[in-house]
């Protein structure tokens, strides 16, 4: 069955790879990408919707389909404040999820983060956990939450700390075995692949994929 997939956050590292993979996947007849500005992508399956994320309710009519993929996220450095970070990561994702649920979308897939926990004393992990809890409470037919560790891939922006982490992970990954496997760095395209595959499994309910499980997809 051909489906309509919707993706928010298609300009990020995982989101851009997810969009590319969805466009090449025969299971999706149409891919709707919610973006701030028009990209240079051209594909007969692609429909880009230019969105003001601070006024999402004005775009309710476009949040219609089968699968919603939420890849919206920022960093504290880019956001500039906790309030701005919360607005991007929590408000945008949760508001889109609520709109999708109201419009009858059955499946939702969220990229979260390893260590996400609403009770965490770490602000980043706490917000990620709050997003997971808010979206899970909506009770989609299927909710997939992926929690990757350090992502490896070509970002459009330069992150010095991340570059150091990726360099070190090339030496540390082989040492992280057993229960420590989930701390291995992971390729962004692997995460995108797992998001699509898990969203198309004949399995309903809540699916949580820690980084070690993502590696198996």
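In the working numbering, the protein residues as written are 11 to 227.
Ideal Cβ placement from N, Cα and C applies to all residues, glycine included.
Note that the structure is a prediction, hence the values are computed from the model and not measured.
Please classify residue i: does DSSP put it in a helix, a strand, or coil?
i           : result
residue 33  : helix
residue 153 : strand
residue 41  : strand
residue 61  : coil
residue 206 : helix
residue 143 : helix
Taking the alpha-carbon positions, what's the residue i to residue j distance?
i           : j           : result
residue 27  : residue 200 : 9 Å
residue 69  : residue 105 : 11 Å
residue 132 : residue 15  : 33 Å
residue 218 : residue 145 : 13 Å
residue 94  : residue 135 : 16 Å
residue 150 : residue 205 : 16 Å
residue 86  : residue 101 : 15 Å
residue 224 : residue 156 : 8 Å
residue 6   : residue 79  : As displayed, the chain neither begins before 11 nor continues past 227, which places residue 6 out of reach and without an answer.
residue 235 : residue 137 : Nothing about residue 235 can be reported from this structure: the residues present for the chain run from 11 to 227 only.
residue 31  : residue 24  : 11 Å
residue 237 : residue 50  : Nothing about residue 237 can be reported from this structure: the residues present for the chain run from 11 to 227 only.
To the nearest whole angstrom, what separates the beta carbons of residue i and residue j, a pair I think is in contact under 8 Å?
i           : j           : result
residue 1   : residue 154 : Because the chain is modelled from 11 through 227, residue 1 falls outside the range shown and cannot be assessed.
residue 141 : residue 99  : 6 Å
residue 103 : residue 152 : Not confirmed; about 17 Å, so no contact.
Would you say residue i and residue j are within 8 Å of each other, going by their C-beta atoms?
i           : j           : result
residue 159 : residue 196 : yes
residue 19  : residue 81  : yes
residue 198 : residue 162 : yes
residue 83  : residue 22  : yes
Using only alpha-carbon positions, find the residue among the options that is nearest to residue i.
i           : options           : result
residue 66  : 224, 83, 116, 46  : 46
residue 74  : 57, 32, 64        : 57
residue 48  : 61, 41, 84        : 61
residue 110 : 130, 40, 17, 157  : 17
residue 216 : 59, 226, 147, 123 : 147
residue 115 : 72, 54, 39        : 72
residue 52  : 33, 207, 24       : 33
residue 40  : 50, 31, 30, 55    : 55
residue 227 : 212, 207, 88, 220 : 207
residue 36  : 12, 221, 50       : 12
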